[in-house]
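These notes are about the structure you will find just below.
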Amino acid sequence: MSQASESLATSVYHSERVKCLEMFYGEGFIGSEVEAKCKGSVEHLKLKAGDSILDVGAGSGGFAFYLAENVGAVVTAVDYCTNLVDLCNERCKEKGLSDKITFLARDMRTMQFESERFDAISFLGSLIHLKRGDHLSIFKNVKNWLKPGGRVLAHDFVTCDCPATSTQEFKDYQKRLHFNDVTVADYEEIFETAGLRLLQYQPRREFYIQDTTKRQTKAKENWNEILKVVSKETLEHCYKFFAEKRKWAEEGALFPCIFLAERPRDM
Ligand SMILES: C[S@@+](CC[C@H](N)C(=O)[O-])C[C@H]1O[C@@H](n2cnc3c(N)ncnc32)[C@H](O)[C@@H]1O
């Protein structure tokens, strides 16, 4: 484990927190907008049985399992937190899906695959942890790993220029969560420079606020059930995590967007 991944695994995605987030989002998911990420991504990426897909920053594996079980896709799923990869491998064995999904401990900044291996590549909530300069080299690789005409989908938070983003409170929040500034304009430039054609850009602020409000209500309703699985400290921490993220989305500082792009057939 590198220093960066170790710090994420121990401070943000440690096993107790993952258990708690899964109580909020459902088994296999530690990030918001589960339905949009699963059903929505399959539609955007035009996936079909037998397609080969790379899911980057797979977390506790929900999208990879969804793809194998509902689409019949052949999935390579990577994450750099080894505690999460170990959990996914256990679940994969239990579900009898080892011939459909390969979970690998990899850092997206250094991982390597052969050219034109994948029909589609997804990044669901994993890019926000990158430093500004890291995206371009990753998306240049993505272009190379995709088959011509193959699609890539990034569903992640962007920072928007508004009064809240220049406050010390916001900067401290980003630092604590290991979040970095990336704007819509950055993504547009990254895709273009990497040689990927941007097909669609969709801001998800309203959906995200609705989704988070729903999760918060559910967490309150199931508070005592969740406390049977995780400590009060973890639950309160995760609940605060929701409340803070929702606040920044409401202020317009940080909210998710979907970016869909393709590798042009002639490039
Ligand atoms: C918010 S979680 C999302 C997980 C999952 N995709 C979901 O939607 O439930 C972000 C994931 O990205 C992973 N991640 C962050 N930086 C990474 C990197 N450089 N390489 C590989 N995985 C990374 C984290 O370990 C974490 O599991």
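In this text, residue positions in the sequence shown follow my numbering: the first is -16, and each later residue adds one. Cβ atoms here follow ideal geometry from the backbone N, Cα and C, with glycine treated the same way. None of the values given here were measured: they were computed from a predicted structure.
Item: Measure from the alpha carbon of Thr251 to the alpha carbon of each residue in Thr59, Val25, Ile241, Glu234, then state which is nearest.; Value: The structure shown does not extend to residue 251, since the chain spans only -16 to 250, so no value can be given for it.
Item: Can the beta-carbon of Asp139 be found less than 9 Å from the beta-carbon of Phe106?; Value: yes
Item: Looking only at its chain, what residues have a beta carbon closer than 8 Å to the beta carbon of Asn205, apart from the 5 residues adjacent to it on each side?; Value: Met6
Item: Check whether the Cβ atoms of Lys2 and Val213 lie closer than 9 Å to each other.; Value: yes
Item: According to the Cβ coordinates, are Arg159 and Cys240 closer than 9 Å?; Value: no
Item: Any idea what DSSP makes of Asp62, helix, strand or coil?; Value: strand
Item: Assign Trp231 to buried or exposed, taking buried as 16 or more other Cβ atoms, counted over all protein chains shown, within 10 Å of its Cβ.; Value: buried
Item: Given a cut-off of 9 Å, decide if Ala47 and Cys64 are closer than it, judged by their beta-carbon atoms.; Value: no
Item: Do the stretch 161 to 170 and the stretch 115 to 122 make contact, defined as three or more Cβ pairs closer than 8 Å?; Value: yes
Item: Among Glu233, Leu87, Lys22, Ser43, which one has its Cα closest to the Cα of Glu(-1)?; Value: Ser43
Item: In or out: Leu113 buried (at least 16 other Cβ within 10 Å) or exposed?; Value: buried
Item: Where do the ends of the beta strand (DSSP E) carrying Phe238 lie?; Value: 237 to 245
Item: Candidates Val57, Leu37, Gly235: which alpha carbon is nearest Asn127's?; Value: Leu37
Item: Thinking just about the alpha-carbon of each residue, which of Val68, Ala137, Glu219, Phe96 is nearest to the one in Leu182?; Value: Ala137
Item: Leaving out five residues on either side along the sequence, give the residues of the same chain with a beta carbon under 6 Å from the beta carbon of Gly11.; Value: Ser43, Gly44, Gly45, Phe48
Item: Do you know how far the Cα of Lys29 is from the Cα of His(-3)?; Value: 33 Å
Item: What separation, rounded to the nearest whole angstrom, lies between the Cα atoms of Val125 and Ala244?; Value: 11 Å
Item: Less than 8 Å separating the Cβ of Leu237 from some heavy atom of ligand 1?; Value: no
Item: Would you grab the beta carbon distance between Ala236 and Phe153 for me? Rounded to a whole angstrom, and I think it's under 8 Å.; Value: 6 Å
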